[in-house]
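Number of protein chains: 2
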Amino acid sequence: MNIAVAQSGGPTCAINASLLGVFSHAVKYDEIDLVYGSVNGIEGLIYDNLVNLFDIITDDEEIELIRQTPSTLLGSCRYKLPAYDKKPEIYEAILRTLRKYDIGAFFYIGGNDSMDTVMKLDRHFKENGIDIKVIGIPKTIDNDLPETDHTPGFGSAAKYVATSIQEITRDSSVYSIASVTIVEIMGRDTGWLTASSAILHANGEISPHLIYLPEKPFSIKQFIEDIREAQKKHYAVIVAVSEGISLSEEDIGEAFQSGNVDNFGHKYLSGVGKALEKIVAKELKCKVRSIELNVMQRCSSHLSSKRDITEAERIAGAAVKVALDGHSGKMMIFKRVANRPYNVKIEFVDVEKVANRVKYFPNEWINEAGNGVTKEAIEYCLPLIQGEQNFHMLNGIPKQYVLKCALPRDVGSHEP
Amino acid sequence: MNIAVAQSGGPTCAINASLLGVFSHAVKYDEIDLVYGSVNGIEGLIYDNLVNLFDIITDDEEIELIRQTPSTLLGSCRYKLPAYDKKPEIYEAILRTLRKYDIGAFFYIGGNDSMDTVMKLDRHFKENGIDIKVIGIPKTIDNDLPETDHTPGFGSAAKYVATSIQEITRDSSVYSIASVTIVEIMGRDTGWLTASSAILHANGEISPHLIYLPEKPFSIKQFIEDIREAQKKHYAVIVAVSEGISLSEEDIGEAFQSGNVDNFGHKYLSGVGKALEKIVAKELKCKVRSIELNVMQRCSSHLSSKRDITEAERIAGAAVKVALDGHSGKMMIFKRVANRPYNVKIEFVDVEKVANRVKYFPNEWINEAGNGVTKEAIEYCLPLIQGEQNFHMLNGIPKQYVLKCALPRDVGSHEP
Chain A
98 MNIAVAQSGG
108 PTCAINASLL
118 GVFSHAVKYD
128 EIDLVYGSVN
138 GIEGLIYDNL
148 VNLFDIITDD
158 EEIELIRQTP
168 STLLGSCRYK
178 LPAYDKKPEI
188 YEAILRTLRK
198 YDIGAFFYIG
208 GNDSMDTVMK
218 LDRHFKENGI
228 DIKVIGIPKT
238 IDNDLPETDH
248 TPGFGSAAKY
258 VATSIQEITR
268 DSSVYSIASV
278 TIVEIMGRDT
288 GWLTASSAIL
298 HANGEISPHL
308 IYLPEKPFSI
318 KQFIEDIREA
328 QKKHYAVIVA
338 VSEGISLSEE
348 DIGEAFQSGN
358 VDNFGHKYLS
368 GVGKALEKIV
378 AKELKCKVRS
388 IELNVMQRCS
398 SHLSSKRDIT
408 EAERIAGAAV
418 KVALDGHSGK
428 MMIFKRVANR
438 PYNVKIEFVD
448 VEKVANRVKY
458 FPNEWINEAG
468 NGVTKEAIEY
478 CLPLIQGEQN
488 FHMLNGIPKQ
498 YVLKCALPRD
508 VGSHEP
Chain B
98 MNIAVAQSGG
108 PTCAINASLL
118 GVFSHAVKYD
128 EIDLVYGSVN
138 GIEGLIYDNL
148 VNLFDIITDD
158 EEIELIRQTP
168 STLLGSCRYK
178 LPAYDKKPEI
188 YEAILRTLRK
198 YDIGAFFYIG
208 GNDSMDTVMK
218 LDRHFKENGI
228 DIKVIGIPKT
238 IDNDLPETDH
248 TPGFGSAAKY
258 VATSIQEITR
268 DSSVYSIASV
278 TIVEIMGRDT
288 GWLTASSAIL
298 HANGEISPHL
308 IYLPEKPFSI
318 KQFIEDIREA
328 QKKHYAVIVA
338 VSEGISLSEE
348 DIGEAFQSGN
358 VDNFGHKYLS
368 GVGKALEKIV
378 AKELKCKVRS
388 IELNVMQRCS
398 SHLSSKRDIT
408 EAERIAGAAV
418 KVALDGHSGK
428 MMIFKRVANR
438 PYNVKIEFVD
448 VEKVANRVKY
458 FPNEWINEAG
468 NGVTKEAIEY
478 CLPLIQGEQN
488 FHMLNGIPKQ
498 YVLKCALPRD
508 VGSHEP
């Protein structure tokens, strides 16, 4: 039989390592002949757009380059599979492709939405007696998948966030005048990545002085008070704020009027860093700057965590065995055994326990004032950012791997 | 005699290496006893705020940490020295401090404004028969100082810009829909750093597909046309744009009305990336994202160019000898001998030739359409981004050096 693998959702530094994990473990099993890559996530199965990974990955150097290349080698999608009774033709198209290529197991690397796809496909196959295994492999910088201790991609993003905020702290501290620097970090619903900025404290940094997560209601008044308090001790105050902080009821009306709340009436500020910059400048009349770490926090492979990359490969490799053992409708998970020395086991759970659910940052790891995190949070993050990859460089910049074979859709912008 | 050194202007990855260059060369000369650091640039001389660098730099590991720490160890300033007849008391305060610490030579690491300070101080000393040498050591990520082939700090910034845009290109190319990504790069007046994004082409990347510099008038209409043209060939169009692009006459009126031109009526767009994002979204109705590389492009020491750091140290070290040889009112420069193999000589010029002048990106290195740069530009940049530093890491992030001694002004935010 053959197998297929696809990458879905937002890019990370580790998602190509997971692709390699499936590939390099699959070749070890006699039961598996070919490994197909589905282009643009599940869309590749729908539109019959597969590539034979043996055509793409031909030597060891390519494997090393893929490991150090961020984002998704095979492209991605934001496609949410509809229920069968709404769109039966989609399921039929997927099945047609899987049958055409004699695929006995499908591995989907992704986050919450992708696990929903795994769940729906698996149910459909089981209900109809179709013997195709579907396994989810976790991936998201948000670290918000339930059941697993952490998700591949998170460690590298956390390493980038902590390193960058350390550098931003040096940059912001040069002048002898009071200043506030607000760093906006990804995380619509959960504060894991923003909280990871506190790793710096393990290195003796006091910065970031204030940390705000979506898990606590955000009061603008309290925020200004917090900064005033921090300014008594520090010329250069550094604030880490999650893009998804949710405004307290009292602030919503006002924020609406000032145009700082997004059009859909969500409780979060759109462009939270810039919005807070304006508010602080008005209230405190000091030098204020906002910095959005933007997509760099999820794609800066040059600073990826070696442990993250290694684990991403391992957990994906383990998924192959799980499918061959006859399981389906599962997501692979990490179980942390110990922090020091760090030790994790790889297991799996029913994907129902993960799909469409969110793992929030624990309330007990947020300080009482709601503007910082506890030592437990730092201890949790630290092992995940350890180690650096040995990079192949070309002309002074990291060498990357871009698909050379002609894909029906343009997923790169690289010369042949 | 003793000497003093100060750091000025915006932070870079190489300015602490230049501080080390002065320090480690000074200790080799019997004529020099102590090396003082002036805190917050020239302000330290004005307010008698010096530190003895022998108290700060005590062992080899500290030297290595300082070399890998971005921004200014001694703090910085944006102070422009007034003319003597306007503020004689400032000159007297500076002289008082220099005399108090028996300082025979002052080294000022900085950009255009700092060279103005070097020039004014030197003239004042010469006119009044005061035997204190003043030497400028170039530093700016903008690379816009005349006379020198390039400036320390530029190479590291260029390496960050090229590496990040490569990663952003991967990130932006994952979905099978048309998108435009606009990356805003520092450079108010000159396009050197934005042009350095073209280094990627040496690695086979087509991205960035379009590059806009302040040296050419920027037409919004032409910009939209350029993107339309690029979209015929690429799903994911990547644009590198300098923060300082200047609008053509026809665009200024319109940009004013939409609030996209800054309040001072300057011809540049304030928040150029965001402004262009809105314009493209409206005109082309596709997915558009703007990314500001922000201060990370000048402080990301974790990705500094080893050659840049080495050269910053060398040119500063050479400055010590120039002062001891009796020169004053000079700025150190690089003269490029060859590209391949790369070879530079270190010389010096009268600071008058540099102060308050700007070296623009050469017109002949901009393509005819005004939306890209030539191979000569790439050849120029490539040698400057070569090599990586071996980093001391602590807890998975680069170890940094922060002043431990009590400074009269808080220049850091680090625990003792």
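One line per chain: the protein sequences are A and B, in this order.
Under this note's numbering, the residues of the first sequence are numbered 98 to 513, in order.
Under this note's numbering, the residues of the second sequence are numbered 98 to 513, in order.
All residues carry an ideal CB built from backbone N, CA and C; glycine is no exception.
Query - Exposure of residue 458 of chain B, with buried meaning 16 or more beta-carbon neighbours within 10 Å - result: buried
Query raised in the report: In terms of residue numbering, what span does the beta strand (DSSP E) encompassing residue 53 of chain B cover?
Result: Residue 53 of chain B cannot be examined here, being either before or after the span of chain B that is shown, 98 to 513.
Query raised in the report: Counting Cβ pairs, one atom from each stretch, are 3 or more of them under 8 Å apart for the stretch 214-227 of chain A and the stretch 366-378 of chain A?
Result: no
Requested in this report: Examine chain B for any beta-carbon lying closer than 8 Å to the beta-carbon of residue 388 of chain A, and answer yes or no.
Outcome: yes
Query raised in the report: Can you find at least 3 beta carbon pairs, one from the stretch 230-237 of chain B and one from the stretch 120-138 of chain B, that sit closer than 8 Å?
Result: no
Report task. Consult DSSP for residue 360 of chain A and reduce its assignment to one of helix, strand or coil. Result -> In this predicted model, residue 360 of chain A has a pLDDT of only 44, less than 50, meaning its place in the structure is not dependable enough to derive any value.
Query raised in the report: Any beta-carbon of chain B closer than 8 Å to the one on residue 399 of chain A?
Result: yes
Query raised in the report: Straight-line CA distance for residue 387 of chain B to residue 278 of chain B?
Result: 6 Å
Query raised in the report: Enumerated in chain order, which unbroken segments of the beta strand (DSSP E) with a length of 3 residues or greater are wholly contained in the stretch 405-466 of chain A?
Result: 427-436 and 439-447
Requested in this report: Output yes if chain A places a C-beta closer than 8 Å to the C-beta of residue 494 of chain B; else output no.
Outcome: yes
**Report entry** Cβ-based contacts, 8 Å cut-off: residues of the stretch 202-217 of chain B near chain A
**Finding:** none
Query raised in the report: DSSP state of residue 278 of chain B, grouped into three classes?
Result: strand
Report task. Starting from residue 151 of chain A, trace the alpha helix (DSSP H) both ways and give me its first and last residue. Result -> 150-153
Query raised in the report: Under three-state DSSP, which class holds residue 140 of chain B?
Result: helix
Query - the stretch 250-279 of chain A: positions lying closer than 8 Å to chain B by Cβ - result: 256, 259, 260, 261, 263, 264, 265, 266, 267, 268, 269, 270, 271, 272 and 273
Query raised in the report: Over what stretch of residues does the beta strand (DSSP E) that includes residue 68 of chain B continue unbroken?
Result: Since the first residue of chain B shown is 98 and the last is 513, residue 68 of chain B is not available in this structure.
Query raised in the report: How many Å lie between residue 331 of chain A and residue 321 of chain A at the Cα?
Result: 15 Å
Query raised in the report: Skipping 5 residues on each side, what residues in its chain have a beta carbon closer than 7 Å to that of residue 266 of chain A?
Result: 302, 304 and 335
Query raised in the report: Whose CA, out of B/119, B/434 and B/143, lies closest to the CA of residue 154 of chain B?
Result: B/119
**Report entry** Chain-order list of residues whose beta-carbon lies under 7 Å from that of residue 293 of chain A (same chain, five-residue window excluded)
**Finding:** 255, 258, 259 and 478
Report task. May I ask which residues mark the beginning and end of the alpha helix (DSSP H) holding residue 113 of chain A? Result -> 112-123
Query raised in the report: Within the chosen definition, does the stretch 400-418 of chain B reach the stretch 477-493 of chain B through at least 3 CB pairs nearer than 8 Å?
Result: yes
Report task. Quick one: give me the first and last residue of the alpha helix (DSSP H) that residue 189 of chain A is part of. Result -> 185-197
Query raised in the report: In the DSSP assignment, what are the bridge partners of residue 99 of chain A?
Result: A/200
Query - chain B contact residues for residue 174 of chain A, given Cβ-Cβ distances below 9 Å - result: 271, 272 and 273
Query raised in the report: For a contact meaning CB atoms closer than 9 Å, what does residue 325 of chain A contact in chain B?
Result: Within 9 Å Cβ-Cβ: nothing; residue 325 of chain A doesn't reach chain B, min ~16 Å.
Report task. Pull up the CB-CB distance for residue 263 of chain A and residue 497 of chain B, whole angstroms please, since I reckon it's below 8 Å. Result -> 6 Å
Query raised in the report: Should the stretch 427-447 of chain A be regarded as contacting the stretch 104-119 of chain B, the criterion being three or more beta carbon pairs within less than 8 Å?
Result: no
Query raised in the report: Does the stretch 179-186 of chain B come within contact of the stretch 148-162 of chain B, defined as at least 3 CB pairs closer than 8 Å?
Result: no
Query raised in the report: For the stretch 468-487 of chain B, which residues have a beta carbon sitting closer than 8 Å to at least one beta carbon of chain A?
Result: 479, 482, 483, 484 and 485
Query raised in the report: Since residue 490 of chain B sits in a beta bridge, which residues does DSSP pair it with?
Result: B/495
Query raised in the report: What are the start and end residues of the alpha helix (DSSP H) that includes residue 173 of chain A?
Result: Residue 173 of chain A -> no alpha helix (DSSP H), and no H or E assigned at all.
Query raised in the report: Going by other Cβ atoms of all chains shown within 10 Å of its Cβ, with 16 needed for buried, is residue 487 of chain B buried or exposed?
Result: exposed
Report task. Enumerate in chain order the residues of its own chain whose CB-to-CB distance from residue 385 of chain B is below 6 Å, with the five nearest sequence positions on each side excluded. Result -> 277, 374, 377 and 378
Report task. Measuring only between beta-carbons, confirm whether residue 99 of chain A sits less than 8 Å from chain B. Result -> no
Query raised in the report: Using a C-beta cutoff of 8 Å, does residue 497 of chain B count as contacting chain A?
Result: yes
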